[in-house]
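Asks: If you use our numbering, the sequence shown corresponds to residues 296 to 427, in order.
From the three backbone atoms N, C-alpha and C, an ideal C-beta is built for every residue, glycine too.
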Amino acid sequence: MKRLSSKKDFALKSKPMNEDIFARLNRSAFRSRFKLSPADKDYVREKGVETIRRHAEDFVARRLAPADIPNDGRQTPMRSHPVFVAQHATGTCCRQCLQKWHRIAPGKELTAEQQRYVVDIILHWIENQLAR
Numbered sequence: 296m297k298r299l300s301s302k303k304d305f306a307l308k309s310k311p312m313n314e315d316i317f318a319r320l321n322r323s324a325f326r327s328r329f330k331l332s333p334a335d336k337d338y339v340r341e342k343g344v345e346t347i348r349r350h351a352e353d354f355v356a357r358r359l360a361p362a363d364i365p366n367d368g369r370q371t372p373m374r375s376h377p378v379f380v381a382q383h384a385t386g387t388c389c390r391q392c393l394q395k396w397h398r399i400a401p402g403k404e405l406t407a408e409q410q411r412y413v414v415d416i417i418l419h420w421i422e423n424q425l426a427r
């Protein structure tokens with residue numbers, strides 16, 4: 296794992312991911328166009344990985360985990376936070392995309408394990424973006 300230096304020196308602690316999902320996402324013209332901006336990268340480095348992980352956990356719990364999401368498909372902004380960008384890049388932005396990309400069926404509340412999986416995917420993508 297690479298060490299990153301910034302105002303807050305930290306190493307991202309996301310678990311090793313199945314690279315197959317990232318290979319599939321990279322073949323998608325839509326998913327592969329998402330990149331962290333320099334400002335997003337600075338934000339992640341300034342806040343630190345634990346804060347970004349907490350943000351991801353909160354967004355997933357509130358916007359993705361419920362069984363019934365009235366605005367599913369529109370609940371995740373395209374920008375304004377590195378986690379939102381990562382959600383679109385990784386197909387974890389809505390329940391429809393979770394089903395398509397990660398085979399997690401809609402209509403049932405996400406389990407704690409599924410929520411951890413989604414957060415780990417998001418953090419892994421962010422880690423890869425920071426390394427670029």
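Given that a residue counts as buried once 16 or more other Cβ atoms are within 10 Å of its Cβ, and exposed if not, what is Arg348?
Replies: Buried, because 16 or more other Cβ atoms sit within 10 Å of the Cβ of Arg348.
Asks: Using 10 angstroms around the beta-carbon of Ala351, count the other beta-carbons present and answer buried if the total reaches 16, otherwise exposed.
Replies: By the 10 Å Cβ count, Ala351 comes out buried.
Asks: For the pair the region 360-371 and the region 388-404, tell me if three or more CB-CB distances fall below 8 Å.
Replies: Touching, per the Cβ criterion.
Asks: Jot down the residue ranges of each uninterrupted alpha helix (DSSP H) in the region 355-415, minimum 4 residues, whole runs only, in chain order.
Replies: Counting whole runs of 4 or more residues, the region 355-415 contains the alpha helix (DSSP H) stretches 377-385, 390-397.
Asks: Using the three-state DSSP reduction, which class does Phe317 fall into: helix, strand or coil?
Replies: In this structure, Phe317 counts as helix in the three-state DSSP scheme.
Asks: For Asp335, count the other beta carbons within 10 Å of its own beta carbon; 16 or more makes it buried, fewer makes it exposed. Which is it?
Replies: It is buried - the Cβ of Asp335 has at least 16 other Cβ atoms within 10 Å.
Asks: So, for Gln394: in the same chain, excluding its five sequence neighbours on each side, which residues have a beta-carbon less than 7 Å away from its beta-carbon?
Replies: So the qualifying residues of the chain are Ala400, Pro401.
Asks: The alpha helix (DSSP H) with Phe325 in it runs from where to where?
Replies: Taken as a continuous stretch (DSSP letters only), the alpha helix (DSSP H) holding Phe325 covers 324-327.
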